[in-house]
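In what follows, a structure is listed as structure tokens, so that the remarks can point back to it.
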Amino acid sequence: MSTQVAAPAAETILRSFRIGVSWQRLLLLSPALIILGVFLVAGIFADLLSAYDPEEIVLIRRLTPPVVQEGGSWAHPLGTDNLGRDILSRVMYGARVSLLVVVTCIPASALIGTLIGLLAGWRVGWWDRLLMRLVDMQLALPALLFALLISVVFGRSLLNVIVIIIIFSWSGYARLVRADVLSLREQEFVVAARASGATDRRILFRHVLPNIVNTIVIMATLDVPAVILIEAALSFLNIGVAPGTPSWGAMISEGRNFMTIAWWPIWMPGIAILLVSLTGNLMGDWLRDTLDPRLRNVR
Amino acid sequence: MGAQSISAILISRLLQGILVVFLVVSIVFLVSRLARNPVEYLTTDETTAEEKELLKEQLGLSGPIGIQYVNFLIDAVQLDLGNSFISARPALSEVGSRASKTLQLGAAALVFSMVLGIPLGIIAALRRASPTDWLARLLAVLGQATPNFWLGLMLIFFFSVQLDLMPTGGSGGVEHIVLPTITLGLLSSAVSMRLTRSGMIDVMNTDFVRTARAKGLRESTIIWRHALRHALLPVATILGIQVGYLIAGTIIVEQVFAWPGIGRLMLHTITVGDFPVLIAAILVISTSIVVANILVDISYPIIDPRIRAGAR
Chain D
1 MSTQVAAPAA ETILRSFRIG VSWQRLLLLS PALIILGVFL VAGIFADLLS
51 AYDPEEIVLI RRLTPPVVQE GGSWAHPLGT DNLGRDILSR VMYGARVSLL
101 VVVTCIPASA LIGTLIGLLA GWRVGWWDRL LMRLVDMQLA LPALLFALLI
151 SVVFGRSLLN VIVIIIIFSW SGYARLVRAD VLSLREQEFV VAARASGATD
201 RRILFRHVLP NIVNTIVIMA TLDVPAVILI EAALSFLNIG VAPGTPSWGA
251 MISEGRNFMT IAWWPIWMPG IAILLVSLTG NLMGDWLRDT LDPRLRNVR
Chain G
1 MGAQSISAIL ISRLLQGILV VFLVVSIVFL VSRLARNPVE YLTTDETTAE
51 EKELLKEQLG LSGPIGIQYV NFLIDAVQLD LGNSFISARP ALSEVGSRAS
101 KTLQLGAAAL VFSMVLGIPL GIIAALRRAS PTDWLARLLA VLGQATPNFW
151 LGLMLIFFFS VQLDLMPTGG SGGVEHIVLP TITLGLLSSA VSMRLTRSGM
201 IDVMNTDFVR TARAKGLRES TIIWRHALRH ALLPVATILG IQVGYLIAGT
251 IIVEQVFAWP GIGRLMLHTI TVGDFPVLIA AILVISTSIV VANILVDISY
301 PIIDPRIRAG AR
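From first to last, the protein sequence lines stand for chains D and G. Its first residue numbered 1, the first sequence is counted upward by one per residue in the working numbering. Its first residue numbered 1, the second sequence is counted upward by one per residue in the working numbering.
In structure tokens:
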């Protein structure tokens, strides 16, 4: 199943790249690509690049200001937090946590959501009702609350965070895909395909899916910042990663109590989140404009 | 599509909605009972075993979990969700006052996001690549990228701590709801703006809009009578999801601003083990989300005549 979904998607993307992504359009994307590159390098090589152990507590150097402020030094370019931990190192390890969440959650939830949305939109009968009630159930139980229950029962860990995010983000894809399929199924080319005796599978994966692949790709791209934000929010509420783990959300949560005397412990991870999610959103925009051939004609 | 089929859809969706709420409440009941023995929250190390047994008996926590569950369901059908373990008042009335606070905040945020997002999206789509478009997209991208808890803290940092214009938290006059509303509504407004904009751009390039133009219709007629209802279909889809986001968001925003709503109540009940109140809160929340989604589903055939739900 999965390869059949992936094949037309990859094809569509490749085709649109072949058609006419000019150097100018790629250049437009370069700031986003640079930030993405920094984020990836920081996340993947955090252990090689960071000068300090992100969890090492040294109280004597606590709340050292960043280098841009008086009293700061290049020893700790972004300063230290209330326990004297180096913020730059923690931000880099935090990138790793976010990266892990992104590469696990998004492919899984996009795949599950797309398949369910296709089925629900196509087989309008009881299949649709059953699947959509499943979607409703998740929408009716706020993910944060469920996460809270999970953290009380199973404890706090990165794995639990990932599972919770997958459980709660596939339904967005399912709803969107279903709405598209509902609209597409009435259109002539689908009716014609059905009339000519094509199997449901063939119609869905050959005719319907290519028409909604763009929606899925754009949604997945926009989901990158969303997923990063969910992890950060869970960790901010102390129901995400295990205590002490350098996650951006957890850093903001800890820095919050010292907000009036030291700005940097909440600014630095906040800016990191902002930059990475900005990048994700910009790429979503760019992809949308690039993938949609109708728009290219207008331009 | 007549009014009758809409009411038929409505009835079946209502029944399904009741099923969803039932399942959600059941899951929370079972998970919360598995979580930890609430008696442990309410007693100290010095409480004797007999006293603990007595307390369990009083709170209806003794006996196998299956029987507890059946008893819970029998009471719940009569809208009796038990009494709070802490205050001993009926759980639903504990939730009531808090829910209205969350409703205030959620409604303010939803209105804020729609009023900001939809018109901005339309204008941005109609004047593509204009300064308005760039500004709208910048706002949208920033709004979507900023984590709401960080935004809330930044707003407190600038408007409350530095400028001393707004209260840092709590509830009271109108000034208390301003910062939480912006914090909660900005993301939603960014989402609505993006969807309206992209939907509008798609629609303006369709054949029927070209036909309408060829017919010599005024641009405003084309936009309001023909294009907008198509463009708003994805907005309607996302609206149901947004109610969920807003409710999840209030849990965070209420925590940041010490807003005494249902989200803060739930976080509190979980930490003190007051499960009847937790379940009552979940019942209220899941019911409102289900109702919102039903409204969205009914709006599909009204907005898009191409959709004939149930027709094969």
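Built from N, CA and C at the ideal position, the CB exists for glycine as well. Being a predicted model, the structure only gives us computed values, none of them experimental.
Does the CB of F236/D have a neighbour CB from chain G at under 7 Å? yes
When you compare only the Cα positions, how much space is there between G170/G and G270/D? 24 Å
Within 10 Å of its beta-carbon, does S73/D have 16 or more other beta-carbons around it, so buried, or fewer, so exposed? exposed
Which bits of chain D does S198/G rub up against, with CB to CB less than 8 Å? R288
At least one CB of chain G closer than 7 Å to the CB of A108/D: is that the case? no
Are the C-beta of T3/D and some C-beta of chain G separated by less than 7 Å? Low confidence applies to T3/D: its pLDDT is 42, below 50, so where it sits in the model is not reliable, and the reading given next is rough at best. No, T3/D lies away from the interface with chain G (no Cβ there is under 7 Å from its Cβ).
What residues of chain G sit near N281/D, judged by a beta carbon separation below 7 Å? V141, Q144, A145
What residue range is occupied by the uninterrupted alpha helix (DSSP H) comprising M114/G? 91-126
Reduced DSSP secondary structure (H/G/I, E/B, other) of N214/D: helix
Cβ pair count under 8 Å reaching 3, the stretch 44-62 of chain G against the stretch 245-252 of chain G: no
Considering only DSSP beta bridges, list what D86/D is partnered with. T80/D
Between T269/G and chain D, is any beta-carbon pair separated by less than 7 Å? no
Proximal residues of chain D, C-beta to C-beta of L23/G below 8 Å: M137
Could one say the Cβ of S196/D lies closer than 7 Å to chain A's Cβ atoms, at least one of them? Absent from the structure: chain A. Protein chains present are D and G.
CB contact below 7 Å: L291/D versus chain G: no
Alpha carbon to alpha carbon, what distance is there between V217/D and V272/G? 43 Å
Comparing the C-beta of S299/G with each C-beta of chain D, is any distance below 7 Å? no
Can you list the residues of chain D that F157/G reaches, using a CB-CB cut of under 7 Å? M259
If we call anything under 7 Å between Cβ atoms a contact, is G117/D one with A42/D? no
To the nearest angstrom, report how far apart N83/G and E94/G are at their CA atoms. 9 Å
Looking at chain G, is there any beta carbon in it that lies within less than 7 Å of the beta carbon of S169/D? no
Can you tell me the Cα-Cα spacing of L287/D and A108/G, whole angstroms? 33 Å
Which same chain residues, not among the five before or five after R137/G, have their C-beta less than 7 Å away from its C-beta? A124
Between I238/G and L232/G, what straight-line distance do the alpha-carbon atoms span, to the nearest angstrom? 10 Å
Using a Cβ-Cβ distance cut-off of 7 Å, determine whether I182/G contacts chain D. no
Taking 7 Å as the CB-CB cut-off, is D76/G touching chain D? Inspection of the sequence shows that residue 76/G is occupied by Ala rather than by Asp. Not closer than 7 Å to any Cβ of chain D, the Cβ of A76/G fails to qualify, so no.
Could one say the Cβ of A75/D lies closer than 7 Å to chain G's Cβ atoms, at least one of them? no
The stretch 145-156 of chain D contacting the stretch 25-34 of chain G, beta-carbon criterion three pairs below 8 Å: yes
Using a C-beta cutoff of 7 Å, does V153/D count as contacting chain G? yes
Does any residue of chain D bring its CB to less than 7 Å from the CB of T250/G? no
Please name the residue, chosen from I112/D, W126/D, R178/D, that lies closest to Y300/G on a Cα-to-Cα basis. R178/D
For chain D, is any of its Cβ atoms less than 7 Å away from the one on I122/G? no
Residue from M268/D, I239/D, W263/D whose Cα sits closest to the Cα of N160/D: I239/D
Going by CA-CA distance only, name the one from T80/D, R85/D, S89/D that's closest to A46/D. S89/D
Nearest-angstrom Cα separation, counted from S253/D out to I251/G: 15 Å
Quick check: what's the CA-CA separation for S12/G versus A212/G? 38 Å
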